[in-house]
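Residue numbers (my numbering), protein chains in the order written: chain A, 1 to 267; chain B, 268 to 504; chain C, 505 to 738. For glycine and all other residues, C-beta sits at the position ideal for the given N, C-alpha and C. The structure appears below as structure tokens.
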């Protein structure tokens with residue numbers, strides 16, 4: 001007990017930590033962080049609203065867990081099923097759609113499984129399974145991972161075998177692994193474009209609407225956790241569905257490509 | 268002497284180690300003044316005997332009865348080990364250490380220690396690390412340290428065993444001064460010449476037993492065959 | 505191999521140019537790890553001394569446990585501290601999660617066993633040396649520990665520096681309890697993890713070299729200040 005007080009006091013003295021003034025803790029996924037959009041939005045948010053958004057970049061599962069525990073004020077996720085379950089448990093007040101981007105299938109530039117010839121993503125997945133081409137899965141219950149599993153299911157395939165490698169890592173790390181193995185991988189476009197180690201990989205399949213990836217803001221429920229800055233979250237939400245946000249989001253390009261499509265319904 | 272810790276009654280003292288009895292039973296009285304020399308071949312128990320009296324050994328049987336409470340007893344005796352145990356400090360700090368333990372202010376302790384060091388001939392190396400001294404110098408340091416609290420009883424375990432002639436002479440001179448100042452000294456030695464020079468009385472140990480005790484003269488006229496054999500230089504069984 | 509040289513060059517540019525982001529995260533790295541080392545030393549050094557000097561029945565078990573704790577996986581410690589400090593946890597009301605203080609707490613838990621273990625090892629040898637003398641001089645328990653701590657200070661410094669080395673390179677625990685929040689809890693190791701995950705190997709390597717340089721600098725500083733290896737003996 002004595003030691004804890006001592007450490008706490010020392011910590012307070014050293015770091016003047018504790019309660020920040022207009023700080024808001026937002027849990028986001030690695031896919032969102034890798035897109036670079038945060039670097040565009042956050043400074044403008046601070047300028048317009050005075051809120052300093054503190055980003056915690058973790059996997060979807062961990063982000064929702066942090067929200068449920070009340071350790072963050074809001075969550076930005078892209079996994080409808082998991083979000084609905086989270087809301088059903090009373091962890092959040094509601095779900096507000098902001099924007100969507102899309103997933104692409106990245107793989108060896110030579111495309112040995114010929115996924116480029118497929119018309120639908122389910123056909124692409126079938127081709128990979130048939131060829132037993134090496135495929136890297138996020139394997140971490142993230143939004144990306146859940147999307148991947150849904151697609152396998154719709155293709156009627158249970159991905160099992162040496163060729164299917166579940167790594168349990170964030171998007172960037174998984175892309176690294178795929179680059180090292182010259183394997184196929186499902187990735188969000190933004191993470192891919194921003195990825196610095198493309199090696200021999202390229203986008204082999206894209207465009208199927210089934211690959212669209214909806215982002216939503218989930219405010220943590222103040223009835224469950226009285227300390228969350230619900231007021232700040234509301235201000236953030238209002239800003240995110242406004243025109244400034246729309247302009248910044250749709251203007252954010254990597255290699256000349258627009259990454260996100262703004263689809264928030266105004267207040 | 269106010270609050271003297273002597274006499275010490277050693278009553279059937281016995282030590283067991285590893286299942287064997289290595290010392291005793293020994294009965295003896297440590298009293299009076301002067302120097303008692305403990306003689307005996309290797310393994311006779313001299314070191315164990317001295318350490319036991321000083322309080323460094325766990326006693327299995329028998330009793331040690333000092334004339335004062337233990338708190339006083341501990342403060343008024345010192346021990347000089349055969350191989351000097353020196354702290355990783357300078358010479359003067361080593362000698363001052365017992366005073367610091369007693370709460371003497373550091374400045375004063377260092378002055379006293381400097382004087383003591385000079386008296387034993389270490390005045391030139393006061394601030395050197397104790398570890399760099401020669402064998403003889405180290406033992407002189409140990410002796411100065413042992414004497415700095417002006418103990419009533421001083422135990423020494425073969426203090427000159429590893430020293431050359433000159434250092435031995437110096438040590439013996441310091442012991443003589445201490446004896447004359449009233450310190451009761453009990454020391455063990457291999458050196459019969461040293462025993463003859465210094466001893467007021469002799470204890471002869473063999474096989475953990477006190478075989479013969481008497482004044483210095485028993486070195487000329489031993490009464491037991493074991494002591495006679497030892498004095499003759501014979502190897503005892 | 506090319507990447508290594510480029511990383512080294514990048515590191516040099518960052519350091520020379522006093523890149524503000526670099527200074528910020530390097531500064532926080534130092535504050536967190538030095539802070540943790542300081543607290544861990546306050547606990548671990550006397551603990552090591554106390555263990556070296558005392559004999560009690562459970563001593564061997566305690567020492568074995570201490571040595572085993574040296575191998576605590578940092579990420580497990582991080583998880584444990586997160587659960588304690590989470591808003592839903594017992595100490596949530598302190599609001600320490602995702603602050604540098606939480607990182608210090610986690611690192612203290614990780615490195616104290618190391619500091620205590622090395623201190624105990626070094627002082628055990630010294631105690632074997634001093635044992636008869638200190639008992640003969642009638643030193644109290646506290647005085648014995650003080651003597652060991654002071655005379656063994658060089659070895660204790662090694663123990664502290666070993667703790668520091670472990671702390672400055674640690675990433676698993678502080679990632680969880682700190683959250684790697686930009687400008688708040690981002691340090692060199694978590695930044696390296698972040699950049700590696702983005703595939704930005706060049707920058708990650710550069711940061712790695714800065715980290716190594718920092719650790720060496722701290723060690724040199726400490727040795728210089730304590731004037732070790734100056735004379736022939738310690």
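Does residue i come out as helix, strand or coil in the three-state DSSP assignment?
| i | result |
| --- | --- |
| residue 13 (chain A) | Model confidence at residue 13 (chain A) stands at a pLDDT of 46, short of 50, so the residue's coordinates are unreliable; what they give is reported in the following sentence. Here residue 13 (chain A) sits in helix by DSSP. |
| residue 271 (chain B) | coil |
| residue 552 (chain C) | helix |
| residue 101 (chain A) | strand |
| residue 238 (chain A) | helix |
| residue 136 (chain A) | strand |
| residue 384 (chain B) | helix |
| residue 664 (chain C) | helix |
| residue 262 (chain A) | strand |
| residue 658 (chain C) | helix |
| residue 18 (chain A) | Residue placement at residue 18 (chain A) is flagged as unreliable, the pLDDT there being 44, under the threshold of 50; a coordinate-derived value is accordingly withheld. |
| residue 731 (chain C) | coil |
| residue 228 (chain A) | coil |
| residue 36 (chain A) | coil |
| residue 107 (chain A) | strand |
| residue 504 (chain B) | coil |
Given a threshold of 16 other Cβ atoms within 10 Å of its Cβ, counted over all protein chains shown, does residue i qualify as buried or as exposed?
| i | result |
| --- | --- |
| residue 394 (chain B) | exposed |
| residue 94 (chain A) | exposed |
| residue 59 (chain A) | buried |
| residue 373 (chain B) | exposed |
| residue 507 (chain C) | exposed |
| residue 171 (chain A) | buried |
| residue 344 (chain B) | buried |
| residue 320 (chain B) | buried |
| residue 307 (chain B) | buried |
| residue 687 (chain C) | exposed |
| residue 333 (chain B) | buried |
| residue 216 (chain A) | buried |
| residue 347 (chain B) | buried |
| residue 325 (chain B) | exposed |
| residue 176 (chain A) | buried |
| residue 725 (chain C) | exposed |
| residue 287 (chain B) | exposed |
| residue 425 (chain B) | buried |
| residue 147 (chain A) | buried |
| residue 533 (chain C) | buried |
Checking the sheet assignment: what are the DSSP bridge partners for residue i?
| i | result |
| --- | --- |
| residue 254 (chain A) | A:257 |
| residue 276 (chain B) | B:296 and B:332 |
| residue 215 (chain A) | A:99 |
| residue 304 (chain B) | B:454 and B:469 |
| residue 23 (chain A) | A:52 |
| residue 316 (chain B) | None, per the DSSP bridge assignment. |
| residue 281 (chain B) | B:328 |
| residue 290 (chain B) | B:282 |
| residue 310 (chain B) | Per DSSP, none; premise fails for residue 310 (chain B). |
| residue 29 (chain A) | A:58 |
| residue 608 (chain C) | Note: residue 608 (chain C) sits in no beta bridge, so no partner. |
Flag residue i as yes if its beta-carbon sits less than 7 Å from any beta-carbon of chain D, otherwise no.
| i | result |
| --- | --- |
| residue 611 (chain C) | Here chain D cannot be found, since the structure's protein chains are A, B and C. |
Could you tell me if the beta carbon of residue i falls within a distance shorter than 6 Å of some heavy atom in the ligand COA?
| i | result |
| --- | --- |
| residue 86 (chain A) | Ligands displayed in this structure: none; no statement on the ligand COA is therefore possible. |
Quiz item: For the stretch 516-536 of chain C, which residues have a CB atom closer than 7 Å to at least one CB atom of chain B, in sequence order?
Solution: none
Exercise. Write down every uninterrupted run of the beta strand (DSSP E) in the stretch 329-376 of chain B whose length is 3 residues or greater and which is fully enclosed by it, in chain order.
Key: 344-347
Self-check item: Completely contained beta strand (DSSP E) runs for the stretch 412-496 of chain B, where each covers 3 or more residues
Solution: 420-424, 451-455, 468-473 and 476-482
Self-check item: Residues within the stretch 327-359 of chain B neighbouring chain C, beta-carbon criterion of under 8 Å
Solution: 341, 342, 345, 346, 348, 352, 354, 355 and 356
Self-check item: Ordered list of alpha helix (DSSP H) runs contained in the stretch 180-208 of chain A, each at least 4 residues
Solution: 189-194
Quiz item: According to a CB-to-CB cut-off of less than 7 Å, which residues of the stretch 698-728 of chain C neighbour chain A?
Solution: 701, 702, 703, 704 and 705
Practice problem: Below 7 Å between beta carbons is the criterion; list the residues of the stretch 455-472 of chain B that meet it against any residue of chain C, in chain order. | Solution: none
Quiz item: Listed from N- to C-terminal order along the chain, which residues in the stretch 358-374 of chain B have their beta-carbon within a distance smaller than 8 Å of any beta-carbon of chain C?
Solution: 364, 365 and 368
Practice problem: Anything in the stretch 541-564 of chain C with a Cβ closer than 7 Å to a Cβ of chain A? List those residues in chain order, please. | Solution: 543
Quiz item: What runs of the alpha helix (DSSP H), each 4 residues or longer, lie entirely inside the stretch 613-690 of chain C?
Solution: 645-655, 657-672 and 676-682
Quiz item: If contact means a Cβ-Cβ distance below 7 Å, which residues of the stretch 561-595 of chain C contact chain A?
Solution: 590, 591 and 592
Self-check item: Contiguous alpha helix (DSSP H) assignments of at least 4 residues, all confined to the stretch 127-175 of chain A
Solution: 143-154
Practice problem: Closer than 9 Å, Cβ to Cβ, to anything on chain C: give me those residues from the stretch 285-298 of chain B, in chain order. | Solution: none
Exercise. Using a Cβ-Cβ cut-off of less than 8 Å, give me the residues of the stretch 679-695 of chain C that come near chain A, in sequence order.
Key: 683, 684, 685, 686 and 688
Exercise. Could you pull out every unbroken alpha helix (DSSP H) segment of at least 4 residues lying fully inside the stretch 533-600 of chain C, listed in chain order?
Key: 563-573 and 578-589
Quiz item: If you scan the stretch 72-99 of chain A from start to end, which runs of the alpha helix (DSSP H) of 4 or more residues do you find wholly inside it?
Solution: 80-88
Practice problem: Could you please tell me which residues of the stretch 227-244 of chain A, in chain order, have their CB closer than 8 Å to any CB of chain C? | Solution: 227
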